[in-house]
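*Asks:* Below you will find the structure I want to go over with you.
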RNA sequence: AGCCUGGUGGUGUAAUGGUAGCACAGAGGUUUUUGGUACCUUUAGUUGGGGUUCGAAUCCCUACCGGGCUGCCA
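Numbering (the numbering used here), first residue to last: 1 to 561.
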């Protein structure tokens with residue numbers, strides 16, 4: 001695992017705080033965090049930031065980090081999600097050891113605490129309907145008014161709460177509310193609901209409960225029970241902190257410190273579960289693991305490495321101000337990692353036939369290709385070479401501009417790892433389209449250089465016609481065509497900004513035979529083209545399907561825009 | 001409107017009263033059997049206005065501009 005390079009003078013505000021607490025001896029200098037997703041959807045890049053923060057801080061300060069599923073609302077939560085979450089966190093490279101918990105593990109304790117609050121006159125059963133409660137709540141500028149049920153006796157509250165628990169009332173008929181302050185400027189403090197009636201089977205507790213605690217009544221207490229020292233969450237929970245504190249204090253239990261940070265936003269995409277769900281449900285993408293999705297499953301299928309994502313999460317920093325990170329940073333982190341670890345292969349997306357006129361008709365030889373120039377231990381591999389080859393169509397120009405280094409008539413180029421060739425003749429079809437290049441090769445240039453040391457500036461990739469394998473390649477582009485997909489015309493919708501060309505399928509590609517043995521999901525580089533990985537879609541057929549993880553940086557294309 | 005929050009190059013993020021730094025992006029260059037990589041150089045910033053101070057991104061006042069909050073979601 002990569003060690004985050006946190007230098008002494010470069011700590012973010014959360015780590016600064018944790019460090020101070022540790023040095024002052026707070027919590028006996030323990031550091032204990034947790035990552036608490038709700039199992040109602042798949043994890044995305046925004047969650048990755050939180051995972052890296054929580055597990056990262058634990059590692060850096062010699063502490064622990066728990067994985068906890070916040071399963072207090074059985075309506076949308078599913079086991080399917082719970083399993084994906086564990087798999088994703090593990091894939092990202094983190095380990096919670098034996099500390100895998102559920103908020104539902106604490107339902108009994110939470111219930112007992114609710115009873116305790118009632119006995120202390122700090123909670124009451126309320127009969128107000130949803131609508132009535134909304135009216136009583138007041139507004140942003142006006143205080144709320146007390147519920148008419150606020151002054152029920154402890155005995156009555158106890159009895160009613162027990163009957164709620166027994167399932168005697170229908171959903172929404174009654175709630176248990178904390179008795180705090182209906183005039184508080186913080187709406188969360190206006191007698192918030194802490195238990196509601198939900199007749200719904202729970203993935204973990206089955207039909208044991210008819211009442212479920214709200215987030216506010218479960219989260220802090222769960223943290224407390226687990227001995228969490230720093231409860232790190234996103235900014236939207238800032239207004240809930242007074243409540244978090246209120247419960248810990250009024251229950252007299254261990255009081256973790258909640259700290260909020262700004263969630264991650266990335267341009268050209270959306271980062272909310274709700275919007276991603278729509279993309280999936282409305283068929284704009286092919287599922288949660290579509291390689292264009294910012295879900296961890298999508299990114300994994302696309303070929304993102306855990307290390308590149310961790311590196312990204314470290315580089316985006318942690319602060320309280322709203323932010324939108326440019327995708328270029330993500331792609332930089334990806335390429336940086338891939339450049340170091342991805343094996344190299346040869347392939348052409350748009351094949352153009354090449355015949356070497358002075359090469360023996362039936363001869364086939366092998367040349368040695370370097371597997372990874374950044375890693376000498378990766379060694380070399382044999383690649384077959386013969387009279388009939390393919391190069392990429394865009395590596396030839398009949399009428400090239402001044403600084404074009406690749407093929408054109410009479411211009412000598414290097415076929416990477418093989419020979420120098422010079423095009424002598426172009427073959428066209430009736431419509432004038434180039435269909436073949438007749439070339440001559442220099443037998444003395446085997447391996448890619450000659451004794452005379454002459455300079456050949458252009459080097460291109462190629463495949464041997466007799467051994468190359470056909471495959472389907474899926475080229476991905478950003479999902480949205482605008483940096484801020486939420487910025488729309490009136491009556492518009494973020495889906496208006498979807499990029500209709502975010503997926504382009506190329507079915508003409510040819511790759512060297514060894515690509516067949518690449519492991520699904522493990523990225524490799526097709527030299528000069530980009531990074532790719534085998535998609536699971538081809539697994540059950542003979543078809544080889546590749547995903548383009550990310551293109552190479554291309555300063556030539558950029559300069560010629 | 002009330003409350004809470006936050007404003008540092010294009011984008012992020014440091015500097016907590018003492019040289020505004022780093023990364024990505026941009027521009028230029030060196031190297032190169034990937035027009036990749038690596039390396040070098042470079043453009044560009046403290047929201048405005050007052051104040052305190054020898055000295056302010058930092059402290060105070062004020063204006064302006066973002067974001068959040070009226071679920072029995074989390």
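Glycine residues also receive a C-beta, built at the ideal position from the N, C-alpha and C atoms.
(1) Residue 327 lies in the beta strand (DSSP E); which residues open and close that run?
(2) At 4 residues or longer, what runs of the alpha helix (DSSP H) sit wholly inside the region 437–478?
(3) Which residue from 123, 144, 140 and 122 puts its Cα closest to that of residue 132?
(4) Reducing DSSP to helix, strand and coil, say where residue 359 ends up.
(5) Short check: CB of residue 421 to CB of residue 398, under 8 Å?
(6) How is residue 397 classed by DSSP in three states: helix, strand or coil?
(7) What are the residues that DSSP puts in a beta bridge with residue 317?
(8) Note down the Cα distance separating residue 63 from residue 307, rounded to an integer number of angstroms.
(9) Do residue 309 and residue 293 count as a contact pair if the criterion is CB distance below 8 Å?
(10) Could you give the uninterrupted runs of the beta strand (DSSP E) lying entirely in the region 19–52, keeping only those of 3 residues or more?
(11) For residue 316, which residues of its own chain have a beta-carbon under 8 Å away from its beta-carbon, when the five flanking residues on both sides are left out?
(12) May I have a chain-ordered list of the beta strand (DSSP E) segments no shorter than 3 residues that lie completely inside the region 116–158?
(13) With distances taken from CA atoms, which of 189, 191, 52 and 352 is nearest residue 233?
(14) Quick one: Cα of residue 370 to Cα of residue 345, how far?
(15) Are residue 167 and residue 130 touching if we call contact CB-CB under 8 Å?
(16) Measuring only the C-alpha atoms, how far is residue 367 from residue 380?
(17) Measuring straight from C-alpha to C-alpha, what distance separates residue 240 and residue 216?
(18) For residue 407, write down the residues that DSSP places opposite it in a beta bridge.
(19) Roughly how many whole angstroms lie between the Cα atoms of residue 101 and residue 447?
(20) So, for residue 7: in the same chain, excluding its five sequence neighbours on each side, which residues have a beta-carbon less than 6 Å away from its beta-carbon?
(21) Less than 8 Å between the C-beta atoms of residue 268 and residue 483, yes or no?
(22) List the residues that DSSP assigns as beta-bridge partners of residue 16.
(23) Quick one: what's got a C-beta closer than 6 Å to residue 450's C-beta in the same chain, skipping five residues either side?
(24) Tell me whether residue 294 sits in a helix, a strand or coil according to DSSP, three-state version.
(25) With distances taken from CA atoms, which of 473, 11, 46 and 28 is nearest residue 312?
*Replies:* Working from what's here:
(1) Element bounds for residue 327: not the beta strand (DSSP E) but the alpha helix (DSSP H), 327–341.
(2) none
(3) 144
(4) Taken through DSSP and simplified to helix, strand or coil, residue 359 comes out as coil.
(5) no
(6) It is coil, neither helix nor strand.
(7) DSSP links residue 317 through a beta bridge to no other residue.
(8) So the two alpha carbons sit approximately 21 Å from each other.
(9) It is not a contact, given that the beta carbons lie outside the stated cut-off.
(10) Runs of beta strand (DSSP E) with 3 or more residues, each lying fully within the region 19–52, are found at 32–35, listed in chain order.
(11) 49, 264, 323, 325 and 329
(12) List check, beta strand (DSSP E) in window: 123–126.
(13) If you compare the alpha carbons of 189, 191, 52 and 352 with that of residue 233, the shortest gap goes to 52.
(14) 9 Å
(15) For the 8 Å CB-CB criterion, residue 167 and residue 130 do not form a contact.
(16) 10 Å
(17) 7 Å
(18) Looking at the DSSP output, residue 407 shares a beta bridge with 396.
(19) 58 Å
(20) Unreliable positioning characterises residue 7 in this predicted model, as indicated by a pLDDT of 42, which lies under 50. The coordinate reading is nonetheless provided below. Counting only Cβ-Cβ distances below 6 Å, and skipping sequence neighbours, we find nothing.
(21) yes
(22) Looking at the DSSP output, residue 16 shares a beta bridge with no other residue.
(23) 444
(24) coil
(25) 46
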